[in-house]
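**Student:** Below are the structure tokens for one structure; questions will follow.
Number of protein chains: 2
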Amino acid sequence: MKILIVEDDKDLREIISASLEKERYVVSLAPDYRTGIQKIEDYDYDCILLDIMLPDGNGLDLLQELHDLGKKTSVIILSAKDSLEDKVQGLDLGADDYLPKPFHLAELHARIKSLLRRNQREGERKLQFGNIEVFPDHFKVMVEGKEVDLNRKEYDILYYFMSRPGRLVNKNTLAESVWGDHIDQVDNFDFIYAQIKNLRKRLKDAGATPELKSVYGFGYKFVVE
Amino acid sequence: MKILIVEDDKDLREIISASLEKERYVVSLAPDYRTGIQKIEDYDYDCILLDIMLPDGNGLDLLQELHDLGKKTSVIILSAKDSLEDKVQGLDLGADDYLPKPFHLAELHARIKSLLRRNQREGERKLQFGNIEVFPDHFKVMVEGKEVDLNRKEYDILYYFMSRPGRLVNKNTLAESVWGDHIDQVDNFDFIYAQIKNLRKRLKDAGATPELKSVYGFGYKFVVE
DNA sequence: CTTCAACTATTAAAATCTTCATGGTCTCAG
DNA sequence: CTGAGACCATGAAGATTTTAATAGTTGAAG
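Chains as they are written, first to last, in our numbering: chain R, -18 to 206; chain H, -18 to 206.
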């Protein structure tokens, strides 16, 4: 497990570095923005600890750069400025966690561990309900071992219900979750009806056991009889 | 400004309450999940301070409930368990901030203030570049005071560039930001070319001064000559 | 200055998604 | 039990978005 520490405070850098090496991580160090960028371009890290305020630039730009390079490395932001703005912006730009200084090393270790564990599992996730399996990392749906072809919206809806089997789902919530923020308070749900209809047909044709039950005046519920 | 505190620890509840009242907030209290839900259903709050571990339920469920009720109230999670899982899940479920216990009252106040300020401004936001104005709260675009009609994807792309005027935008980044996570590493950008072409025509027809320049081998840049 | 390959633009066709019109279903009041 | 009104389902038309086919550009190598 390789970790890059981008941090200008020499003492802090060394302390973190030493503590991580003791845990058998492979650690790289960058004292400033420029060095950080360069290392990121040249190597692949499993995790980056990123200070926001660097002598020659802003850590958030580095985050953007990372994103533009298409790298999916996990990032934990370390910042003295515990401002909500920074935090929100950081998480927005794809940081995975935010740790305000000062922090305990134990805390940092815990977060790194949790993050890496989470990444590990990526690529082998699977949702299952009745005889339906959904593999979110490949946007693939299988019923009884046979692949089922769905359109994007159908997939999104199915995925949403697979994540909440048996649970009552309000139409407004569904709309917001699947269609996004453009939907505010809509006055008609025709677009939902249409997609639900298509999805039901797909599932029935594929022989799926779970069914999308309507709940009058409220929404839907995904259940297996 | 009305604030609801859902927290089972009586002492903490009273301390927070007192400190907020001193700042002239109107404060409501709920010692448990059940009471919390009920108050949320009955009243509209500007902000909710939510403990995760309650005697009769999990605060995260309350968050979900809030969402299902279609309420957009800002929520700050207060939790003793400073686990990344809880935090991520909480922010996922729409919490606006997360404050691990113990915390300073000053910190809490700062976050509340920042949150309320953010909400306040909602509804009057505007992006401007060249002679184009975008009103994100109404999905409305104006050029020289005249409204321009765009399709959703066209709007999304324009919005993206309006937020980053003059900045070089990589096609992969654009794809991921506008089309979402379904796009991973695509091998052809035909869908972008098609939409860019349409958006350019719309802007030109409307007489907009900024232009979408292609940058060979990389992406686009939104500039005014 | 050519030439070539990679990249971008353009148009039309295909696929997908939303809207519309219509008819069936559910709930509640009487 | 019945009727009225709200709610949901359905098929088809309409709009939007993506894909495919083709043509035009750009930048690098010779």
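In this text, a Cβ means the ideal position worked out from N, Cα and C, and glycines have one as well.
Which word fits R/V124, buried or exposed, when buried means at least 16 other C-beta atoms lie within 10 angstroms of its C-beta?
**Tutor:** Sequence index remark: in the first sequence, residue 124 of chain R carries index 143 (1-based). Buried, since its Cβ has 16 or more Cβ neighbours within 10 Å.
**Student:** In chain order, which beta strand (DSSP E) runs of at least 3 residues are fully inside the stretch 132 to 157 of chain R?
**Tutor:** DSSP runs (the beta strand (DSSP E)) wholly in the stretch 132 to 157 of chain R: 149 to 151.
**Student:** Following the continuous beta strand (DSSP E) through H/A11, name the residue where it begins and the one where it ends.
**Tutor:** Here the question's residue 11 of chain H lines up with position 30 in the second sequence. Here the beta strand (DSSP E) through H/A11 covers 7 to 11.
**Student:** Helix, strand or coil: which one does DSSP assign to R/E46?
**Tutor:** As a first step, residue 46 of chain R is located in the first sequence; it is residue number 65 there, counting from the start. It is helical.
**Student:** Closest to H/H119 by C-alpha separation, out of H/F110, H/D37, H/R133, would be which residue?
**Tutor:** Numbered from its first residue, the second sequence carries residue 119 of chain H at position 138. When only C-alpha atoms are compared, the closest one is H/R133.
**Student:** Can you give the Cα-Cα distance for R/L97 and R/Y6, rounded to whole angstroms?
**Tutor:** Mapped onto the first sequence, residue 97 of chain R falls at position 116. Mapped onto the first sequence, residue 6 of chain R falls at position 25. The alpha-carbon atoms of R/L97 and R/Y6 are separated by roughly 12 angstroms.
**Student:** Taking Cβ-Cβ distances shorter than 9 angstroms, what residues in chain R pair up with H/D119?
**Tutor:** Looking up residue 119 of chain H in the second sequence gives position 138. According to the sequence displayed, residue 119 of chain H carries His and not Asp. What H/H119 touches in chain R: nothing, since even the nearest Cβ is about 10 angstroms away.
**Student:** Quick one: give me the first and last residue of the beta strand (DSSP E) that R/Y197 is part of.
**Tutor:** Here residue 197 of chain R refers to the residue found at position 216 when the first sequence is read from its first residue. From DSSP, R/Y197 is part of no beta strand (DSSP E); its letter is neither H nor E.
**Student:** Which whole-angstrom value describes the C-beta separation of R/Y26 and R/K(-17), a residue pair presumed to lie in contact below a C-beta threshold of 8 angstroms?
**Tutor:** Residue numbering aside, residue 26 of chain R sits at position 45 when the first sequence is read from its first letter. Residue numbering aside, residue -17 of chain R sits at position 2 when the first sequence is read from its first letter. Right, the Cβ-Cβ distance comes to about 5 angstroms (below 8 angstroms), so this counts as a contact.
**Student:** From the DSSP secondary-structure annotation, give me the bridge partner or partners of R/M34.
**Tutor:** Position 53 of the first sequence, counting from 1, holds the residue named residue 34 of chain R. Per DSSP, R/N39.
**Student:** Kindly list, in the order they appear in chain H, the residues whose Cβ is closer than 7 angstroms to that of R/H48.
**Tutor:** Translated into positions along the first sequence, residue 48 of chain R becomes position 67. In chain order: T154.
**Student:** Output yes or no for whether 7 angstroms exceeds the beta carbon distance between H/T190 and H/N112.
**Tutor:** Sequence index remark: in the second sequence, residue 190 of chain H carries index 209 (1-based). Sequence index remark: in the second sequence, residue 112 of chain H carries index 131 (1-based). The answer is yes: Cβ separation under 7 angstroms.
**Student:** Hey, could you find the ends of the beta strand (DSSP E) H/Y174 is sitting in?
**Tutor:** Position 193 of the second sequence, counting from 1, holds the residue named residue 174 of chain H. From DSSP, H/Y174 is part of no beta strand (DSSP E) but of the alpha helix (DSSP H) over 171 to 187.
**Student:** If we call anything under 7 angstroms between Cβ atoms a contact, is R/F203 one with R/P117?
**Tutor:** The residue you call residue 203 of chain R lines up with position 222 of the first sequence. The residue you call residue 117 of chain R lines up with position 136 of the first sequence. No; because the gap between Cβ atoms is not below 7 angstroms, this pair is not in contact.
**Student:** Could you name the residues of the same chain whose beta carbon sits closer than 6 angstroms to that of H/A61, not counting the 5 residues immediately before and after it, in chain order?
**Tutor:** Residue numbering aside, residue 61 of chain H sits at position 80 when the second sequence is read from its first letter. So the list reads K82, once near-sequence residues are dropped.
**Student:** How far does the beta strand (DSSP E) with H/D78 in it reach, from first residue to last?
**Tutor:** Along the second sequence, one-based indexing puts residue 78 of chain H at 97. Here the beta strand (DSSP E) through H/D78 covers 78 to 81.
**Student:** Return the first residue and the last residue of the alpha helix (DSSP H) that H/K(-9) is part of.
**Tutor:** Translated into positions along the second sequence, residue -9 of chain H becomes position 10. Counting along the chain, the alpha helix (DSSP H) containing H/K(-9) begins and ends at -9 to 3.
**Student:** Can you tell me whether H/R183 is buried or exposed? The criterion is at least 16 other CB atoms within 10 Å of its CB, across all chains shown.
**Tutor:** Residue mapping note: residue 183 of chain H aligns to position 202 of the second sequence, counting from 1. Buried.
**Student:** Give the secondary structure of H/V159 by DSSP, where H, G and I count as helix, E and B as strand, and everything else as coil.
**Tutor:** Here the question's residue 159 of chain H lines up with position 178 in the second sequence. Helix at H/V159.
**Student:** Rank H/M34, H/C28, H/L(-15), H/N39 by C-alpha distance to the C-alpha of H/K53 and give the top, closest one.
**Tutor:** Position 72 of the second sequence, counted from the first residue, corresponds to residue 53 of chain H. Closest option to H/K53, Cα to Cα, is H/C28.
**Student:** Just how far apart, CA to CA, sit R/S(-2) and H/L(-7)?
**Tutor:** Stepping through the first sequence from its first residue, residue -2 of chain R is reached at position 17. Stepping through the second sequence from its first residue, residue -7 of chain H is reached at position 12. Roughly 37 angstroms separates the two Cα atoms.
**Student:** Taking the C-alpha atoms as reference points, what is the distance between R/E46 and R/L149?
**Tutor:** Locating residue 46 of chain R in the first sequence gives position 65, counting from the first residue. Locating residue 149 of chain R in the first sequence gives position 168, counting from the first residue. Computed Cα separation, rounded: 41 angstroms.
**Student:** For R/I138 versus R/V167, is the C-beta spacing smaller than 7 angstroms?
**Tutor:** Translated into the one-based positions of the first sequence, residue 138 of chain R becomes position 157. Translated into the one-based positions of the first sequence, residue 167 of chain R becomes position 186. In this structure, R/V167 does not lie closer than 7 angstroms to R/I138 by Cβ.
**Student:** My understanding is that H/V129 touches H/A175, with C-beta atoms under 8 angstroms, so please give their C-beta distance in whole angstroms.
**Tutor:** Taking the first residue of the second sequence as position 1, residue 129 of chain H is located at position 148. Taking the first residue of the second sequence as position 1, residue 175 of chain H is located at position 194. So it is not a contact: roughly 19 angstroms between Cβ atoms.
**Student:** Check each candidate in H/E4, H/F170, H/I58, H/S55 and name the one with the smallest Cα separation from H/G198.
**Tutor:** Here the question's residue 198 of chain H lines up with position 217 in the second sequence. Ranking the options by Cα distance to H/G198, first place goes to H/F170.
**Student:** For R/D37, which residues in the same chain have their Cβ closer than 8 angstroms to its Cβ, ignoring the five residues on either side in sequence?
**Tutor:** Here residue 37 of chain R is taken as the residue at index 56 of the first sequence, counted from 1. Closer than 8 angstroms at the Cβ level, and outside the excluded window around R/D37, lie D13, Y14, R15.
**Student:** Beta-carbon separation of H/V(-13) and H/D32 under 7 angstroms?
**Tutor:** As a position in the second sequence, residue -13 of chain H is number 6, starting the count at 1. As a position in the second sequence, residue 32 of chain H is number 51, starting the count at 1. Yes. Within cutoff.
**Student:** Which stretch, first to last residue, makes up the beta strand (DSSP E) that contains R/M123?
**Tutor:** Working through the first sequence from its first residue, we reach residue 123 of chain R at position 142. Element bounds for R/M123: 121 to 124.
**Student:** Taking DSSP as the reference, what is the three-state secondary structure of H/E88?
**Tutor:** Residue mapping note: residue 88 of chain H aligns to position 107 of the second sequence, counting from 1. Here H/E88 sits in helix by DSSP.
**Student:** Going by Cα to Cα distance, which pick from R/E4, R/H48, R/Y201 is closest to H/E157?
**Tutor:** To locate residue 157 of chain H, count along the second sequence from 1; it is residue 176. With distances taken between Cα atoms, H/E157 lies closest to R/H48.
**Student:** In its own chain, which residues sit with a C-beta less than 8 angstroms from the C-beta of R/H90, not counting the 5 before and 5 after it?
**Tutor:** Indexing the first sequence from 1 puts residue 90 of chain R at position 109. Answer for R/H90: S0, L1, E4, listed in chain order.
**Student:** For R/Q109, which beta-bridge partners are listed by DSSP?
**Tutor:** Position 128 of the first sequence, counting from 1, holds the residue named residue 109 of chain R. R/Q109 is bridged to R/E114.
**Student:** Given a cut-off of 7 angstroms on the beta-carbon distance, is the pair R/L86 and R/L59 in contact?
**Tutor:** To locate residue 86 of chain R, count along the first sequence from 1; it is residue 105. To locate residue 59 of chain R, count along the first sequence from 1; it is residue 78. Not a contact, by the Cβ cut-off of 7 angstroms.
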